[in-house]
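**Student:** Pasting a structure below so you can have a look.
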Ligand code: ADP
Ligand code: MG
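Residue numbers (full-length UniProt numbering): 1 to 682.
Written as structure tokens, this is what we have:
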């Protein structure tokens, strides 16, 4: 019998009602109950009073040296005091509302008291006490504290988990291969689970925690690594015949020389494309590092090899922009590029779909409309997703379910701190562009108060006089898209009035695709010099002549978002500026503005962002694929995470992982995960 098949009701003391309460906490089986770890411990270990800090909660042992005094006050309230000699000090022990203890506090009796130590008054407000002559249940231990509520109390939980360990503890089986346990000198699983609920000392408790953290991270990583090896082992992927000359010829037609970093990642990608297994690669590079041309090169190579490609982006504006740049880059090569977004006319859409089906169109650029049911390619070879860091592990299998197994390149401009990269993108290979194209000047970032808008306008005017252009971004108002649009419209009117000599454009989410396209087009052609926009321009938009980015109410934006917006400038040879207009009174806004003015390195921004927000919120969405660990802390336990990743990769990377009988129990555990649903394994 496996613990995850035994209903929690079988633990003595769990009534039907308690069972219902446990279900509310996600505890259904004995395994769930044993995995319900305490989130902290109450410390009843004896302390040396001389080392205790003022205000600290400590447990000490001593001898009663005075007759207790009982004072009654208020409605049935009582205060009990007596002197306790602890290490030759006299400590005044105070109990509230424990009048019943009075008779037990006899002169000369030993006592253990736990409470808040007030050093200057030599006094302790006692929360718990025990008499050693009656046995010490708590003294010297760490008592687990569980997250409970409803009809479940902490002491009931302690008792019940203790009971479950007595009844079923022997059934806890080692879950890890012996060589891994030996390599990291991990505590056996059974012992670790026992100890996490009943720790009997720091060192042991630490070892138990380490084992369980490893356990958690290992299984998470094994899932990713096994998935990755499964994808790799499948020979359904295509080995594209790409020769280096094709790439060199294409590079020679570019209006600029590729940076070394771009060459390096193009190399990594083409290596993958030539292999038979399907590529699953993450390309991360700071904003403005030139990822688009890398994607264009990969798509070009695949098209020249006789296959089709798709470039998927989050917004229609971006799709249009990429369409134009690809068309420009592929001019005269015979490669057909077409747009496929939700706002095509039915007729146009039909034509594009037919073109893809017949293979007349080589590369489709679009939004999520690209992976809708009726879209079929003749021979889809490569899918590139741009700025799609929300396209998580589970979503990536959508393409495969459609019967395609194209190579996949995911590009992101939000550099992922290493710890998150390992967890969220652990199943992918990673290429990184750290360097920006030569001749780019660092963007100067300034932070100003809302009352200084006049000066901001003057600054825009001066830059425009020099031939440059400016963005003014209004924040998204979460509660109401309408308000948000209203905001942008008002700002547009204000600026048009304040800068009467300039042409001011407007771009927001409520405009029709044609209107958006027109607004973007006019700004791109420098027909409008200022573009007032909502965050629709956040990602990917590329107008190298724009040198000023003004962000209104900047405190409303997260760090990564601010960095993305800032990345819309600094894309040409001119000095660029980012002006953050933020309320100086906003507490954590200030922290973010500080980071922004201190660095324009996206990797550094991401690191600080992770620090400020924590891993769960890093991507700003729950569906980010950032797992919720019970015990492990991705940042603090990073070393263990790396170990677990390496071990899992080695194990899952072995030729026989999917066939070796010794791995059968691991496989069956993995196959319960949704990631593997519908997989055919032999
Ligand atoms: P991102 O990585 O943010 O997507 P883009 O691909 O939009 O960056 O590139 C930013 C700008 O830099 C574009 O205008 C692009 O044409 C230009 N660019 C890309 N690579 C180079 C290069 N090697 N030298 C000069 N300019 C480049
Ligand atoms: Mg881009």
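Beta carbons are placed, not taken as given, at the ideal position from N, Cα and C, and that holds for glycine. Only a predicted model underlies this, so the values are computations on that prediction, with no experimental measurement involved.
Go ahead and pull the three-state DSSP assignment for residue 3.
**Tutor:** Within the chain shown, numbered from 1, the residue matching residue 3 stands at position 3. Helix.
**Student:** Check whether the region 333 to 351 touches the region 274 to 290, counting contact only when three or more Cβ pairs, one atom from each stretch, lie closer than 8 Å.
**Tutor:** Short answer: they don't touch.
**Student:** Need the endpoints of the beta strand (DSSP E) that residue 446 sits in, please.
**Tutor:** Along the chain shown, read from residue 1 onward, the residue named residue 446 stands at position 446. Residue 446 -> beta strand (DSSP E) spans 444 to 448.
**Student:** Under the DSSP definition of a beta bridge, which residues are partnered with residue 366?
**Tutor:** One-based indexing of the chain shown puts residue 366 at position 366. Answer is 312, 340.
**Student:** Any heavy atom of ligand 1 within a distance shorter than 7 Å of the CB on residue 278?
**Tutor:** Position 278 of the chain shown, counted from the first residue, corresponds to residue 278. For ligand 1, not one heavy atom lies less than 7 Å from the Cβ of residue 278.
**Student:** So what's residue 83 in DSSP terms, helix, strand or just coil?
**Tutor:** As a first step, residue 83 is located in the chain shown; it is residue number 83 there, counting from the start. Of the three classes helix, strand and coil, the one that applies to residue 83 here is strand, per DSSP.
**Student:** Using 10 angstroms around the beta-carbon of residue 675, count the other beta-carbons present and answer buried if the total reaches 16, otherwise exposed.
**Tutor:** Position 675 of the chain shown, counted from the first residue, corresponds to residue 675. Buried is the call here.
**Student:** Taking one C-beta from the region 327 to 338 and one from the region 267 to 275 each time, how about it: are there three or more such pairs within less than 8 Å?
**Tutor:** These segments do not touch.
**Student:** Alpha carbon to alpha carbon, how far is residue 315 from residue 21?
**Tutor:** For this step, residue 315 is matched to residue 315 along the chain shown. For this step, residue 21 is matched to residue 21 along the chain shown. Each residue's Cα considered, the two are about 45 Å apart.
**Student:** Got a sec, what are the start and stop residues for the beta strand (DSSP E) residue 144 sits in?
**Tutor:** One-based indexing of the chain shown puts residue 144 at position 144. Where residue 144 is concerned, the enclosing beta strand (DSSP E) stretches over 142 to 145.
**Student:** Please identify the residue among 324, 380, 210, 123 whose C-alpha is closest to the C-alpha of residue 278.
**Tutor:** The residue given as residue 278 occupies position 278 in the chain shown. Nearest of 324, 380, 210, 123 to residue 278, Cα basis: 380.
**Student:** Quick one: is the Cβ of residue 469 within less than 7 Å of any heavy atom of ligand 1?
**Tutor:** For this step, residue 469 is matched to residue 469 along the chain shown. Not so, every heavy atom of ligand 1 lies at least 7 Å from the Cβ.
**Student:** Assign residue 218 to buried or exposed, taking buried as 16 or more other Cβ atoms, counted over all protein chains shown, within 10 Å of its Cβ.
**Tutor:** The sequence position of residue 218 within the chain shown is 218, counting from 1. By the neighbour-count rule (16 or more Cβ atoms within 10 Å), residue 218 is buried.
**Student:** Following a CB-centred definition, is residue 289 positioned closer than 7 Å to any heavy atom of ligand 1?
**Tutor:** Translated into positions along the chain shown, residue 289 becomes position 289. Residue 289: yes, Cβ under 7 Å from ligand 1.
**Student:** What residues are listed by DSSP as bridge partners for residue 580?
**Tutor:** For this step, residue 580 is matched to residue 580 along the chain shown. The partner list for residue 580 (beta bridge, DSSP) reads 447, 551.
**Student:** How would you call residue 67, buried or exposed, if buried means at least 16 neighbouring beta carbons within 10 angstroms?
**Tutor:** For the purposes of this step, residue 67 is taken as residue 67 along the chain shown, with counting starting at 1. With fewer than 16 Cβ atoms within 10 Å of its Cβ, residue 67 is classed as exposed.
**Student:** Which stretch, first to last residue, makes up the beta strand (DSSP E) that contains residue 527?
**Tutor:** Counting from 1 along the chain shown, the entry for residue 527 is found at position 527. Premise fails: residue 527 is in no beta strand (DSSP E) and is neither H nor E.
**Student:** Would you decide whether residue 391 is buried or exposed? Buried here means 16 or more other CB atoms lie within 10 Å of its CB.
**Tutor:** Mapped onto the chain shown, residue 391 falls at position 391. Per-residue confidence for residue 391 stands at a pLDDT of 49, beneath the threshold of 50, marking its modelled position as unreliable; no derived number is given.
**Student:** Beta-carbon within less than 8 Å of residue 511's beta-carbon, same chain only, minus the 5 sequence neighbours each way: which residues are those?
**Tutor:** Position 511 of the chain shown, counting from 1, holds the residue named residue 511. Contacts found: 519.
**Student:** Keeping to the same chain, check which residues put their C-beta closer than 6 Å to that of residue 623; ignore five residues upstream and five downstream.
**Tutor:** In the chain shown, the residue the question calls residue 623 occupies position 623. The predicted position of residue 623 is uncertain, since its pLDDT is 44 and thus under 50; a value taken from the coordinates is nonetheless stated next. Once the five neighbours on either side are set aside, residue 623 has no close Cβ partner at all.
**Student:** Please state whether the Cβ-Cβ distance between residue 58 and residue 94 is less than 8 Å.
**Tutor:** For the purposes of this step, residue 58 is identified with residue 58 of the chain shown, where counting begins at 1. For the purposes of this step, residue 94 is identified with residue 94 of the chain shown, where counting begins at 1. For residue 58 and residue 94, no; Cβs fall outside 8 Å.
**Student:** Please give the ranges of any beta strand (DSSP E) in the region 138 to 220, keeping only runs that are unbroken, at least 3 residues long and fully inside the region.
**Tutor:** Listed in chain order, the complete beta strand (DSSP E) runs (minimum 3 residues) inside the region 138 to 220 are 142 to 145.
**Student:** Alpha carbon to alpha carbon, how far is residue 267 from residue 11? Give it in angstroms, no decimals.
**Tutor:** Numbered from its first residue, the chain shown carries residue 11 at position 11. Numbered from its first residue, the chain shown carries residue 267 at position 267. Going from the Cα of residue 11 to the Cα of residue 267 covers about 59 Å.
**Student:** Would you say residue 138 and residue 128 are within 8 Å of each other, going by their C-beta atoms?
**Tutor:** Stepping through the chain shown from its first residue, residue 138 is reached at position 138. Stepping through the chain shown from its first residue, residue 128 is reached at position 128. Result yes, Cβ atoms of residue 138 and residue 128 sit closer than 8 Å.
**Student:** Starting from the C-beta of residue 665, find all residues in its chain whose C-beta is less than 7 Å away, skip the five residues before and the five after it, and write them out in chain order.
**Tutor:** Position 665 of the chain shown, counted from the start, is the residue given in the question as residue 665. Here the set comprises nothing.
**Student:** Below 8 Å, how does it come out for the region 291 to 301 and the region 496 to 505: are there three or more Cβ pairs, yes or no?
**Tutor:** Result no; under three Cβ-Cβ pairs closer than 8 Å.
**Student:** Roughly how many angstroms lie between the CA atoms of residue 475 and residue 468, to the nearest whole one?
**Tutor:** Working through the chain shown from its first residue, we reach residue 475 at position 475. Working through the chain shown from its first residue, we reach residue 468 at position 468. Approximately 23 Å, taken between the alpha carbons.
**Student:** What separation, rounded to the nearest whole angstrom, lies between the Cα atoms of residue 8 and residue 417?
**Tutor:** By one-based count along the chain shown, residue 8 stands at place 8. By one-based count along the chain shown, residue 417 stands at place 417. Looking at the two C-alpha atoms, the distance is approximately 40 Å.
**Student:** State whether the region 39 to 53 contacts the region 105 to 119, with contact taken as three or more CB pairs (one from each stretch) at a distance under 8 Å.
**Tutor:** Flag = yes, the region 39 to 53 and the region 105 to 119 touch.
**Student:** Sorry if obvious, but does the Cβ on residue 327 come closer than 7 Å to a heavy atom of ligand 1?
**Tutor:** In the chain shown, residue 327 corresponds to position 327, counting from 1. No; taking the cut-off as 7 Å, the Cβ of residue 327 has no heavy atom of ligand 1 nearer than that.
**Student:** May I ask whether a heavy atom of ligand 1 can be found less than 7 Å away from the beta carbon of residue 293?
**Tutor:** For this step, residue 293 is matched to residue 293 along the chain shown. Indeed, a heavy atom of ligand 1 lies less than 7 Å from the Cβ.
**Student:** Using DSSP with H/G/I as helix, E/B as strand and the rest coil, what is residue 588?
**Tutor:** As a working note, residue 588 is residue 588 in the chain shown. The answer is helix: DSSP assigns residue 588 an H, G or I state.
**Student:** Which value, in whole angstroms, describes the spacing of the CA atoms of residue 411 and residue 313?
**Tutor:** By one-based count along the chain shown, residue 411 stands at place 411. By one-based count along the chain shown, residue 313 stands at place 313. Roughly 10 Å separates the two Cα atoms.
**Student:** Shortest alpha-carbon distance to residue 113 belongs to which of 86, 106, 460?
**Tutor:** Taking the chain shown and counting its residues from 1, one reaches residue 113 at position 113. If we check each option's Cα against that of residue 113, 86 comes out closest.
**Student:** Please report the Cβ distance between residue 302 and residue 240, rounded to the nearest whole angstrom; I am assuming they are in contact, meaning their Cβ atoms lie under 8 Å.
**Tutor:** Residue numbering aside, residue 302 sits at position 302 when the chain shown is read from its first letter. Residue numbering aside, residue 240 sits at position 240 when the chain shown is read from its first letter. Sure, about 6 Å apart at Cβ, within 8 Å.
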